[in-house]
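*Asks:* For the record, in the sequence shown the residue sitting at position 93 is 78 according to my numbering, with numbers rising by one throughout. Below are the C-alpha cells for one structure; questions will follow.
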Amino acid sequence: MSSALDQRSAPPAGAARPAAPRRRTRLLALPEARWALASLVLFLLALPVYLLDGPAWLWGTLFATTYITGGWEPGWEGLKALKDKTLDVDLLMVVAALGAASIGQVLDGALLIVIFATSGALEAVATARTADSVRGLLDLAPTTATRLLPDGTEESVDAQSLAIGDTVLVRPGERVGADGQVVDGTSDVDQATITGEPLPVAKRAGDEVFAGTVNGTGALRVRVERDPSDSVIARIVKMVEEASETKAPTQLFIEKIEQRYSIGMVIATLAVFGIPLAFGDALQSALLRAMTFMIVASPCAVVLSTMPPLLSAIANAGRRGVLAKSAVVMERLGQIDLVALDKTGTLTEGTPRVTDIRPLPDADLDEDGLLTLAAAAEHSSEHPLARAVVDAARQRGLHLPEAADFSSTPGEGVTATVEGRTVQVGSPSRLLTATSSHDKVVAEMEDVGRTAVAVLRDGTVVGVLGVADRLRPDAAATVAALTRLTGRTPVLLTGDNERAARHLAAQVGITDVRARLLPQDKVAAVKEWEAEGRRVLVVGDGVNDAPALAAAHSGIAMGKAGSDLALETADAIVVRDELATIPSIVQLSRTARRLVIQNLAIAGTFITVLVAWDLIGNLPLPLGVAGHEGSTVIVGLNGLRLLREAAWPRLTKDTA
-14 MSSALDQRSA
-4 PPAGAARPAA
6 PRRRTRLLAL
16 PEARWALASL
26 VLFLLALPVY
36 LLDGPAWLWG
46 TLFATTYITG
56 GWEPGWEGLK
66 ALKDKTLDVD
76 LLMVVAALGA
86 ASIGQVLDGA
96 LLIVIFATSG
106 ALEAVATART
116 ADSVRGLLDL
126 APTTATRLLP
136 DGTEESVDAQ
146 SLAIGDTVLV
156 RPGERVGADG
166 QVVDGTSDVD
176 QATITGEPLP
186 VAKRAGDEVF
196 AGTVNGTGAL
206 RVRVERDPSD
216 SVIARIVKMV
226 EEASETKAPT
236 QLFIEKIEQR
246 YSIGMVIATL
256 AVFGIPLAFG
266 DALQSALLRA
276 MTFMIVASPC
286 AVVLSTMPPL
296 LSAIANAGRR
306 GVLAKSAVVM
316 ERLGQIDLVA
326 LDKTGTLTEG
336 TPRVTDIRPL
346 PDADLDEDGL
356 LTLAAAAEHS
366 SEHPLARAVV
376 DAARQRGLHL
386 PEAADFSSTP
396 GEGVTATVEG
406 RTVQVGSPSR
416 LLTATSSHDK
426 VVAEMEDVGR
436 TAVAVLRDGT
446 VVGVLGVADR
456 LRPDAAATVA
466 ALTRLTGRTP
476 VLLTGDNERA
486 ARHLAAQVGI
496 TDVRARLLPQ
506 DKVAAVKEWE
516 AEGRRVLVVG
526 DGVNDAPALA
536 AAHSGIAMGK
546 AGSDLALETA
556 DAIVVRDELA
566 TIPSIVQLSR
576 TARRLVIQNL
586 AIAGTFITVL
596 VAWDLIGNLP
606 LPLGVAGHEG
616 STVIVGLNGL
626 RLLREAAWPR
636 LTKDTA
C-alpha cells in the first residue's frame, strides 16, 4: 500500500502522465501520399473542364496525368504480385480504368484511379504513424545513467552500456536507468507508464524498479537486474512491433473474395473478346462487347457497397467524439465478442480524489476542521495525494492557515507547523501504531479500495482521510451495455492491486478480474482468448496497455490522458473519454456491416443482370454504363443513411 506523501517534481494531479515525445512522419514525406494528392488535384482540375465541354486536349492531358500519378504505383505493385501468381485487385482496377478510357469513359476510369490511390495513401499514413509512436516510446528510457564504481566515485555512462550487477544512482526527479532492485534509499516512484497504477509507489531496499519510471524526491541506489535490451520498456516496444507484424492482415468483406472475382473477371473478359472473334465477329464489335462487359462487370459498385456505409459510420462516430481510424477498423469493431477493460484512466478518471473524511471522536474536529488541518500541512507538497487533499479543501471553500517548517520524508509523509501545532500527514503504516480506534477506520477504508491517509496533531491521531480514483459516471452502464452486446461480461485487466481492482469491479458489475499485470501479462491474456476463437476488444489509455491494444482484434484508447503510444496503436480513440460511446460504436459497426451486405446484394444483382444481357443479347454501351453507374449511386445512397443523427445507437436494455 502506497499512501506516503512527499514533495517531488511531478505534474499536478490530473495532469497527463509522462509519455513518449511525438516523432511524426510528415504526411507528404510518404510517396503514396504525394502521388495520391497529385492525382486528386489533377482530377479536380480536369473535372470542370470536362463537364463544361472545354478543350479536349486540356481535359485529356489532365485526365492522362491523373491516371499516371494515381495508377502507376498500384499498377506496378500489381505487376510484381503477378510474379508470385497473385492477381491484385488494384491491378484489376487499373486495367478496368484503362479499359473504360479506351471506350470513351475517361471520367469513370479517372475516378476509380483516385479512389484507389487515396485508399493506399491512408493505409501508408496509418502504418507510418504507428511506427513513429513505437520509436518514440524508447525516449521514455533515459539515454544516460550515473553508475557507481567500487571506490564510491560516480561516472555518467550510456544507459545501454549498463550490465547486470552494476549499481546506479537515481537522483530525485530522474528517470530510472534500468530494471533493477533498490539496494539503498527510500522514495516514491511514479511507474504508471509500466503498471498503470494511479499513484506513486513507495520504494525502499529490496523493491523492484523499472527503467523509464520517474523517481520522487528521495535518492535511490539500484542494482541492475536486467540487460537494458531486455528491460520492461524495451519489451513493450518489441511486443507492439511483433503484434503489429503478426496480426493477420485485416480485410474488408469484399476483399475476402478478391482473388476469385479478379481472376474470374479477367478470364471472362478475354473469353467475351476471343470467342466471338474466333467465330468470325469483327474486331471492333468484339472489342466493344468485351469493354462493355468489363465496365458492367467492374467491381466499382461492389467497392462502393463497402465504403459508404463504413465511412458514414466513421463520420457519425466522429461527431460523437469517437475517432475510428479506417473503414477496416469500423468493420472489425462489430465483430467483437469479448471486451477487456483497463482500470485506471479507463473505468476511472485517473485522478485521485478525497472520498472519506473521518475525524476521530475525541479529536474535537469536524470534517472541515480535519480537512483544513491536513490541507494546510500538504499545501507545499506536489505529491498527487497532497494535491487531492488541497483540492478537496478548495472545493469546500475552506481557508487554509499558513504552514511553517514544512518537511517531507519519502515513504512516510509530510510534517509542518500549523497555527503553532505540529501536524503530520502520511502513511498510517509508518505514522501510526495498530493499537487504537483509528486502526479500525484505516482497515475499513482499505477494505473498500481506498488509500488511507493519517492526520496527526502534536503526535496524536485526530483523523483519517480516504483517497481513491473516482469511477467514471457511465462506467456501470457501459459494462452492462457491452455485456448485452457480446453476451459476456467484460474482463478487468489492470496493473493495480487486487483489492482495489476487485472493489471497483464489483461496483460496475465485473466478475472476472486480473490484477497486478505487467504489459506482457495483458498480451498473454488477449492471446489466450484469441486462441479460444474470441474476438477481443481491449480498451485502455496507457503505455502499458499498448501491446494489448496491438495484439487484440480491436483496440480503443481513451483520448484525453492517453499516452501517445496507446493513441497511435489503438484502432479507435474516444476523444472526450465518454465510456458510453464504446457500446454505441460497436452497435453502429454492426449496423454498417448489415448495410454492406445489403449493398453487395444490390450490386451483385445489377452486375448479374447487366452481364447476362451483354452475353445473351446486345447490351448497348450507354445503357450498360447507365446501369453500372445507377447501381453505384443506389448503393452509395444506401450507405449514406448512416450519416443521419438517428443512426447513432441509443442503447437500451434490449440492445443485442
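From the three backbone atoms N, C-alpha and C, an ideal C-beta is built for every residue, glycine too. The model shown is predicted, which means the values in this text are computed figures rather than measured ones.
Using alpha carbons as the reference points, say which of Ala439, Pro458, Thr331 lies closest to Leu450.
*Replies:* Locating residue 450 in the sequence shown gives position 465, where the first residue counts as 1. When each option's Cα is compared against that of Leu450, the closest is Ala439.
*Asks:* Relative to the C-alpha of Leu625, which candidate in Met315, Ala437, Ala300 has its C-alpha closest?
*Replies:* Here residue 625 refers to the residue found at position 640 when the sequence shown is read from its first residue. Considering only alpha carbons, the answer is Ala300.
*Asks:* Report yes if the CB atom of Ala348 is closer than 7 Å to the CB atom of Val447, and no otherwise.
*Replies:* In the sequence shown, counting from the first residue as 1, residue 348 sits at position 363. In the sequence shown, counting from the first residue as 1, residue 447 sits at position 462. Yes, the pair counts as a contact, with Cβ atoms nearer than the cut-off.
*Asks:* Using the Cα positions of Ser290 and Thr277, report the straight-line distance between them to the nearest angstrom.
*Replies:* Locating residue 290 in the sequence shown gives position 305, counting from the first residue. Locating residue 277 in the sequence shown gives position 292, counting from the first residue. Cα to Cα, Ser290 sits roughly 21 Å from Thr277.
*Asks:* Can you grab the Cα-Cα spacing for the pair Val464 / Val493, in whole Å?
*Replies:* Your numbering for residue 464 matches position 479 in the sequence shown. Your numbering for residue 493 matches position 508 in the sequence shown. Spanning the two alpha carbons is a distance of roughly 7 Å.
*Asks:* Return the bridge partner residues of Leu342 from the DSSP annotation.
*Replies:* As a working mapping, residue 342 is identified with position 357 in the sequence shown. According to the sequence provided, residue 342 is Ile. The question's Leu does not apply to it. DSSP output for Ile342 lists Leu450 as bridge partner(s).
*Asks:* Measuring alpha carbon to alpha carbon, tell me which residue in Val209, Ala219, Thr171, Glu193 is nearest Thr202.
*Replies:* In the sequence shown, residue 202 corresponds to position 217, counting from 1. Comparing Cα-Cα distances from Thr202 to each of Val209, Ala219, Thr171, Glu193, the minimum goes to Thr171.
*Asks:* Distance check for Ala271 and Arg11, CA to CA, integer angstroms please.
*Replies:* Position 26 of the sequence shown, counted from the start, is the residue given in the question as residue 11. Position 286 of the sequence shown, counted from the start, is the residue given in the question as residue 271. Going by the C-alpha atoms only, they are around 49 Å apart.
*Asks:* Write down the C-beta distance between Asp506 and Thr331 rounded to the nearest angstrom, noting that I regard them as a contact closer than 8 Å.
*Replies:* Translated into the one-based positions of the sequence shown, residue 506 becomes position 521. Translated into the one-based positions of the sequence shown, residue 331 becomes position 346. About 17 Å; that fails the 8 Å criterion.
*Asks:* With three or more beta-carbon pairs closer than 8 Å as the criterion, would you say the region 127 to 134 touches the region 147 to 164?
*Replies:* Because the criterion of three Cβ pairs below 8 Å is met, the region 127 to 134 and the region 147 to 164 touch.
*Asks:* If you draw a straight line from the alpha carbon of Ala86 to that of Ala275, how long is it in whole angstroms?
*Replies:* Walking along the sequence shown from the start, residue 86 turns up at place 101. Walking along the sequence shown from the start, residue 275 turns up at place 290. When rounded, the distance between both Cα atoms is 14 Å.
*Asks:* Within 10 Å of its beta-carbon, does Gly609 have 16 or more other beta-carbons around it, so buried, or fewer, so exposed?
*Replies:* The residue labelled residue 609 in the question sits at position 624 within the sequence shown. Result: buried.
*Asks:* Run through DSSP, which three-state label would Leu627 get?
*Replies:* For the purposes of this step, residue 627 is identified with residue 642 of the sequence shown, where counting begins at 1. Three-state DSSP puts Leu627 in a helix.
*Asks:* Extract the residue ranges of the beta strand (DSSP E) inside the region 336 to 416, only unbroken runs of 3 or more that lie entirely within it.
*Replies:* List check, beta strand (DSSP E) in window: 388 to 394, 398 to 403, 406 to 411.
*Asks:* Can you list, in chain order, the residues of its chain with a C-beta nearer than 7 Å to that of Trp514? Leave out the 5 residues immediately preceding and following it.
*Replies:* For the purposes of this step, residue 514 is identified with residue 529 of the sequence shown, where counting begins at 1. Closer than 7 Å at Cβ, skipping near neighbours: Leu323, Val521.
*Asks:* Where Gly544 and Ile558 are concerned, what is the direct C-alpha to C-alpha distance, given to the nearest angstrom?
*Replies:* Along the sequence shown, one-based indexing puts residue 544 at 559. Along the sequence shown, one-based indexing puts residue 558 at 573. Distance between the alpha carbons of Gly544 and Ile558 is about 6 Å.
*Asks:* Checking the sheet assignment: what are the DSSP bridge partners for Lys188?
*Replies:* One-based indexing of the sequence shown puts residue 188 at position 203. In DSSP, Lys188 forms a bridge with Ser172.
*Asks:* Quick one: what's Gly308 bridged to in DSSP?
*Replies:* As a working note, residue 308 is residue 323 in the sequence shown. Note on residue identity: the sequence assigns Leu, not Gly, to residue 308. Paired residue(s): Ile558.
*Asks:* Considering only C-alpha positions, which residue in the set Ala586, Arg575, Arg338 is nearest to Asp376?
*Replies:* The sequence position of residue 376 within the sequence shown is 391, counting from 1. Of the candidates Ala586, Arg575, Arg338, the one whose C-alpha sits nearest the C-alpha of Asp376 is Arg338.
*Asks:* Given Ala632, which residues of its chain have a CB within under 6 Å of its CB, disregarding the five upstream and five downstream residues?
*Replies:* Position 647 of the sequence shown, counted from the first residue, corresponds to residue 632. The answer, listed in chain order, is Asn301.
*Asks:* Pro6: buried (16+ other C-beta within 10 angstroms of its C-beta) or exposed?
*Replies:* By 1-based counting over the sequence shown, the position of residue 6 is 21. Low local confidence applies: a pLDDT of 41 at Pro6 is under 50, so the model's placement there is unreliable, with the coordinate-based value given in what follows. Its Cβ having fewer than 16 others within 10 Å, Pro6 is exposed.
*Asks:* Put Val80 into one of helix, strand or coil per three-state DSSP.
*Replies:* By 1-based counting over the sequence shown, the position of residue 80 is 95. Three-state result, Val80: helix.
*Asks:* Going by the CB atoms, is the gap between Ala21 and Ala106 shorter than 7 Å?
*Replies:* Stepping through the sequence shown from its first residue, residue 106 is reached at position 121. Stepping through the sequence shown from its first residue, residue 21 is reached at position 36. Yes; because the gap between Cβ atoms is below 7 Å, this pair is in contact.
*Asks:* Identify, in the order they occur along the chain, each residue of the same chain with its Cβ nearer than 7 Å to the Cβ of Leu296, setting aside the five sequence neighbours on each side.
*Replies:* Along the sequence shown, one-based indexing puts residue 296 at 311. Same-chain partners within the cutoff: Ala312.
*Asks:* What residue range does the beta strand (DSSP E) around Gly525 cover?
*Replies:* Looking up residue 525 in the sequence shown gives position 540. 521 to 525 is the span of the beta strand (DSSP E), which, as asked, contains Gly525.
*Asks:* Kindly indicate which three-state DSSP category Ser574 falls into: helix, strand or coil?
*Replies:* Residue 574 sits at position 589 when you count from the first residue of the sequence shown. Helix, per DSSP.
*Asks:* Taking the alpha helix (DSSP H) that Gly45 belongs to, which residues open and close that run?
*Replies:* Numbered from 1 along the sequence shown, position 60 holds the residue referred to as residue 45. Start and end: 41 to 68.
*Asks:* Are there 16 or more other CB atoms within 10 angstroms of the CB of Asn603, so buried, or fewer, so exposed?
*Replies:* Against the sequence shown, residue 603 aligns to sequence position 618. Asn603 is exposed by the Cβ-count criterion.
*Asks:* Would you mind stating whether Glu456 and Gly480 have Cβ atoms separated by less than 7 Å?
*Replies:* Position 471 of the sequence shown holds residue 456. Position 495 of the sequence shown holds residue 480. Before going further, note that residue 456 is Leu rather than Glu in the sequence given. In this structure, Gly480 does not lie closer than 7 Å to Leu456 by Cβ.
*Asks:* Measure the CB-CB distance between Pro294 and Ala577 and report whether it falls below 7 Å.
*Replies:* Indexing the sequence shown from 1 puts residue 294 at position 309. Indexing the sequence shown from 1 puts residue 577 at position 592. Contact flag set, yes.
*Asks:* Using a 10 Å radius around the Cβ and a threshold of 16 neighbouring Cβ atoms, would you call Leu43 buried or exposed?
*Replies:* The residue you call residue 43 lines up with position 58 of the sequence shown. It is exposed - the Cβ of Leu43 has fewer than 16 other Cβ atoms within 10 Å.
*Asks:* Examine the Cβ distances between the region 365 to 376 and the region 572 to 591 and report whether three or more of them are shorter than 8 Å.
*Replies:* Verdict: no, contact absent.
*Asks:* Would you grab the beta carbon distance between Leu477 and Ala490 for me? Rounded to a whole angstrom, and I think it's under 8 Å.
*Replies:* Looking up residue 477 in the sequence shown gives position 492. Looking up residue 490 in the sequence shown gives position 505. Correct: roughly 5 Å between the Cβ atoms.
*Asks:* Taking the Cβ atom as the reference point for each residue, do Ala588 and Val287 lie within a distance shorter than 7 Å?
*Replies:* Taking the sequence shown and counting its residues from 1, one reaches residue 588 at position 603. Taking the sequence shown and counting its residues from 1, one reaches residue 287 at position 302. Their beta carbons are under 7 Å apart, which means Ala588 touches Val287 by this criterion.
*Asks:* Which same chain residues, not among the five before or five after Ala148, have their C-beta less than 6 Å away from its C-beta?
*Replies:* In the sequence shown, counting from the first residue as 1, residue 148 sits at position 163. No residues qualify anywhere along the chain.
*Asks:* When you compare each of Ser283, Met279, Leu318 to Asp298 by their alpha carbons, which one comes out closest?
*Replies:* In the sequence shown, residue 298 corresponds to position 313, counting from 1. Checking the sequence, you will find Ala at residue 298 rather than Asp. Residue Leu318 is the option with its Cα nearest to Ala298.
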